[in-house]
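With mature numbering (1 follows the signal peptide of the UniProt record, and there is no 0) applied, the sequence shown corresponds to residues -19 to -1, 1 to 550, in that order. Here is the structure we will look at.
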Amino acid sequence: MKSIISLCAILLLSNPGYSESTPKWWQSMSLYQIYPRSFKDSDGNGIGDLKGVMSKLEHLVESNVDAFWLSPIYPSPMVDFGYDISDFVNIEEVFGTMKDFETLVEATHNASMKIIMDFVPNHSSDQHEWFQKSLQKIEPYTNYYVWHEGKKLPDGTITVPNNWVSVFGGPAWTWREERQAYYFHQFAKQQPDLNYENEDVVNAMKNVMRFWLDKGVDGFRVDAVPHLCEDVRLLDEPLTGNPNPDDYGYTDKIYTKDIPHTYDIVKGWREVLDEYSDEKIMMIEAYSNMTMTMRYYVYGANFPFNFGFITDTNQDSKAIDFKRLIDRWMVNMPILKATANWVAGNHDKPRLVTRYGRYRAEAMTIITLLLPGVAVTYNGDEIGMEDTRISWEDTKDPQGCNAGKDGYEKASRDPARTPFQWDNTTSAGFSTSETTWLPVNENYLTLNLATQKEQDNSYNALYKAVSALRKLPVIKRGTLTTTLLNDDVFAFTRKVDGDVVYVVANFANKEETVDLSTLVYASSQLNVYYATTNAHHLIGNIVKDVHTVKIPASGAIIYTSTIAPYNSK
Ligand code: GLC
């Protein structure tokens, strides 16, 4: 009985701040990720900065973006390019000043957009004052990090406390002579883990949130959350059979990931946001299984990111894989009125076009933008940027460097992080400097925003046309139905009141003919609102026979009975 009651209680919970009559701004937002080092350089040093972001706000407005999140802009030795933070409440000089940041917040709000910070609670830089003091056992910092004096072997030598491996490879423990102890780090050794068993740390990080909320930010993307807590017994993890003890996959992460205590911490963060308003949001980065991922909804996250289109599907996936993935997320959201979300790319994974191929990537852009809830775009994906080949000598990412010359290409995240391609001038218009922190992709002469703006059949034209549809009630709050039209063709519909939008995507390498009569009201006239660039000529056409509709190889078409085709506006 008790368990039935608590189940009901969970089901009755709804997404933070939701009320039927007043949907919140974030529930159908188009969210855009800016990787500041690579977005726009304003001072010619080859590294992007805040003034650069300022100068490009117009591009975000034109792209129908509602909110953007900035990858970390805090002071950092840049071992992990900003994810190793040496001061949580300041701005890295390379990116600008606090004044620049305040100006950006104001300009963003004036442009009717929201600004979201990257909150990195799991670790700091080893250069952070807290760690430097912890090293010397200066109170109250002695236990701010996870320290252990090591395991004594029978011959008297001291070794690591257990077999835990870091995400970037190699042992998760590093010895410090100064303190005669090992400290724990889930990521690079320059990123010591904060100790969430220590209430002082929990409170200190809540104050970091308050600092940025006081500056007017609209919420947080929270980094690496499943890694936040560890099992305090520090037991060895079971082996997976992977023979390399330096590989993250060497052990099964039963003591270092998805630990229950993590969820209580997340709940505490929600309380901090609510001190400000129920409009402040928290989005959780969690590469975890479905159960552990969904649990974040229940503990006060607005949503955990849905990385399915990055991690579970690719250019070889079948129509059924997409249907399953979408249905699974919708069915598994644990609370009433929870907000779904669809991530097309980010700074940690190969780019969308590289993962899917050009036309399928366009289809994925259409799908992510038109499914219910939040659509997440990584900067550059709105013009179809591709991964850039980076030589070993130019490799910067610690995950790439740790993998060595033979393994770096598979591990490095640099290829997806190269400068934004604005136009065909020096360094693609990203910087006045000919050398940039990562090289510009050589394809910039033809693949750039300015060129695409001149063409009515470009990736960017498609992105703009489809994202414009998101402003309509049918996409903001329409119902969702997913269907397989045959083995290769997946379709979904969005409906609200009288309006209907149909998305039909062909994942085969050949044209497919499908029957749309099961989707469409018999009497209605269907027209093509928009399509992938290989079917651009069809835009505006009226479908003559819904029983035999042709969809090009790897293409997708958006139909509607009630909304005028995009290019007729
Ligand atoms: C997250 C970030 C990634 C970073 C890691 C450690 O996964 O997205 O870029 O390296 O956390 O902070």
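Idealized CB from N, CA, C, for every residue including glycine.
Rounded to whole angstroms, what is the Cα-Cα separation between residue i and residue j?
i: residue 122; j: residue 185; result: 11 Å
i: residue 522; j: residue 412; result: 42 Å
i: residue 100; j: residue 167; result: 16 Å
i: residue 17; j: residue 524; result: 44 Å
i: residue 151; j: residue 157; result: 16 Å
i: residue 82; j: residue 3; result: 31 Å
i: residue 11; j: residue 451; result: 8 Å
i: residue 94; j: residue 317; result: 27 Å
i: residue 419; j: residue 478; result: 49 Å
i: residue 544; j: residue 476; result: 12 Å
i: residue 536; j: residue 527; result: 18 Å
i: residue 48; j: residue 36; result: 16 Å
i: residue 110; j: residue 69; result: 10 Å
i: residue 15; j: residue 135; result: 52 Å
i: residue 496; j: residue 529; result: 5 Å
i: residue 218; j: residue 225; result: 14 Å
i: residue 161; j: residue 214; result: 20 Å
i: residue 262; j: residue 282; result: 8 Å
i: residue 334; j: residue 365; result: 6 Å
i: residue 593; j: residue 119; result: Outside the displayed span of the chain (-19 to 550) sits residue 593, for which this structure offers no information.
i: residue 423; j: residue 436; result: 20 Å
i: residue 350; j: residue 223; result: 39 Å
i: residue 248; j: residue 139; result: 38 Å
i: residue 547; j: residue 513; result: 13 Å
i: residue 328; j: residue 359; result: 7 Å
i: residue 96; j: residue 67; result: 22 Å
i: residue 63; j: residue 348; result: 31 Å
Skipping 5 residues on each side, what residues in its chain have a beta carbon closer than 6 Å to that of residue i?
i: residue 541; result: 482, 510
i: residue 182; result: 125, 175, 176
i: residue 27; result: 412, 414, 416, 417, 418
i: residue 361; result: 401
i: residue 102; result: 186
i: residue 494; result: 529, 531
Kindly list the residues whose CB is nearer than 8 Å to the CB of residue i, restricted to its own chain and excluding five residues on each side of it in sequence; keep chain order.
i: residue 60; result: 106, 169, 171, 172, 379
i: residue 147; result: 153, 166, 167, 168, 169, 170, 229
i: residue 492; result: 531, 532, 533, 534
i: residue 549; result: Reliability of the predicted coordinates at residue 549 is poor, the pLDDT of 43 falling under 50, and the value obtained from them is presented with this limitation in mind. Here the set comprises 521.
i: residue 32; result: 23, 24, 77, 81
i: residue 506; result: 523, 524, 542
i: residue -15; result: Because residue -15 sits at a pLDDT of 40, beneath the cut-off of 50, its placement in the model cannot be relied upon, and the following sentence gives the value as read from the coordinates. So the list is empty, once near-sequence residues are dropped.
i: residue 376; result: 382, 389, 393, 395
i: residue 221; result: 230, 231, 232, 233
i: residue 321; result: 284, 287, 310, 311, 314, 352, 353, 354, 355
i: residue 271; result: 309, 313
Can you give me the Cβ contacts of residue i inside the same chain, cut-off strictly under 7 Å, excluding the 5 residues immediately before and after it?
i: residue 432; result: 405
i: residue 580; result: Given that the chain is displayed from residue -19 to residue 550, the structure contains no residue 580 and the question cannot be resolved.
i: residue 555; result: With the chain running from -19 to 550 in the structure shown, residue 555 is simply not present.
i: residue 293; result: 306
i: residue 308; result: 463
i: residue 516; result: 533, 536, 538
i: residue 142; result: 129, 131, 132, 154, 163, 215
i: residue 117; result: 159
Drop a sphere of 10 angstroms on the beta-carbon of residue i, count the other beta-carbons inside from all chains shown, and report buried for 16 or more, exposed for fewer.
i: residue 7; result: buried
i: residue 77; result: buried
i: residue 87; result: exposed
i: residue 373; result: exposed
i: residue 90; result: exposed
i: residue 312; result: exposed
i: residue 498; result: exposed
i: residue 393; result: buried
i: residue 408; result: buried
i: residue 235; result: exposed
i: residue 258; result: exposed
i: residue 227; result: exposed
i: residue 211; result: buried
i: residue 518; result: exposed
i: residue 428; result: buried
i: residue 370; result: exposed
i: residue 242; result: exposed
i: residue 391; result: exposed
**Prompt:** So, do the segment 124 to 144 and the segment 175 to 185 have three or more beta carbon pairs nearer to each other than 8 Å?
**Reply:** yes
**Item:** Cβ contact (3+ pairs, closer than 8 Å) linking the segment 383 to 402 and the segment 479 to 493
**Value:** no
**Prompt:** What does the shell around the ligand GLC hold, if a residue joins when its beta-carbon is under 5 Å from any heavy atom?
**Reply:** 61, 64, 168, 204, 205, 329
**Prompt:** Can we say the segment 67 to 82 touches the segment 48 to 57, given the rule of at least three CB pairs closer than 8 Å?
**Reply:** yes
**Request:** Would you check if the segment 246 to 264 and the segment 185 to 200 touch, i.e. whether three or more CB-CB distances between them fall below 8 Å?
**Result:** yes
**Prompt:** Should the segment 257 to 269 be called in touch with the segment 199 to 209, which here means at least 3 C-beta pairs below 8 Å?
**Reply:** yes
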